[in-house]
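Single-structure report; data block below.
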Amino acid sequence: MNAENNLTGHIKREEQRHNVWERPREGKLNHKLKCFYTNAHSMGNKKEELEILTQENKYDVIGITETWWDETHDWNTKLRGYNLFIRNRPNKRGGGVALYVRETYTSSEIQVSEKESPVETVWVRIQGERNRKDTIVGVYYRPPGQT
């Protein structure tokens, strides 16, 4: 497979475990989150690779920038076992952000006003267990040339 056409080739890949708590029960966060981030530079032909990565690595949260998705890609964006939160770039090619959160967590999107903002973001609240605080995760993309 050509390194320029895959998620883990020339594209920046970061994997981290954040010590949050222990294993989840009843869909609430109480353990270490295993997170993955990539700038995909188009997810068009990388869905299968993403599925393999998630099966092999059991990520809890996956953040992707430059998905290049639009409303015509709905059929190709779902990932089994994950809730998907996306922000596509309206009326332009490129850009877009996606955040996958494992279905075992109780998660909800935090609405952020982006009117006239050049950045693309998605923020999600993952509910903490019992007296534990919620965790907020997000993905943020600032297109080149934007200040």
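Read in order, the letters of the sequence shown correspond to residues 182 to 328 in the numbering used here. Glycine is no exception: its CB is placed at the ideal position from the N, C-alpha and C atoms.
Of the residues the options, the one placed nearest residue i, counting alpha carbons only
i: residue 235; options: 316, 317, 263 and 307; result: 263
i: residue 245; options: 233, 223 and 251; result: 223
i: residue 321; options: 315, 311, 298 and 314; result: 298
i: residue 270; options: 318, 286, 239 and 296; result: 296
i: residue 293; options: 252, 250 and 266; result: 266
i: residue 274; options: 250, 290, 287 and 237; result: 250
i: residue 309; options: 237, 324, 286 and 241; result: 286
Environment of residue i [buried if 16+ CB atoms lie within 10 Å]
i: residue 261; result: exposed
i: residue 229; result: exposed
i: residue 318; result: buried
i: residue 268; result: buried
Residue i - containing alpha helix (DSSP H), residue span
i: residue 228; result: 228 to 238
Where the beta strand (DSSP E) containing residue i begins and where it ends
i: residue 279; result: 278 to 283
i: residue 215; result: 214 to 220
i: residue 246; result: 242 to 246
Residue i: CB within 7 Å of a non-hydrogen atom of the ligand ATP
i: residue 313; result: The model depicted lacks the ligand ATP and carries no ligand whatsoever.
CB contact flag (residue i, residue j, <8 Å)
i: residue 243; j: residue 217; result: yes
i: residue 253; j: residue 221; result: no
CB contact check: residue i to chain B, cutoff 8 Å
i: residue 224; result: Structure shown: chain B not included; a single protein chain is present.
With three or more beta-carbon pairs closer than 8 Å as the criterion, would you say the stretch 303 to 312 touches the stretch 262 to 282?
Short answer: they touch.
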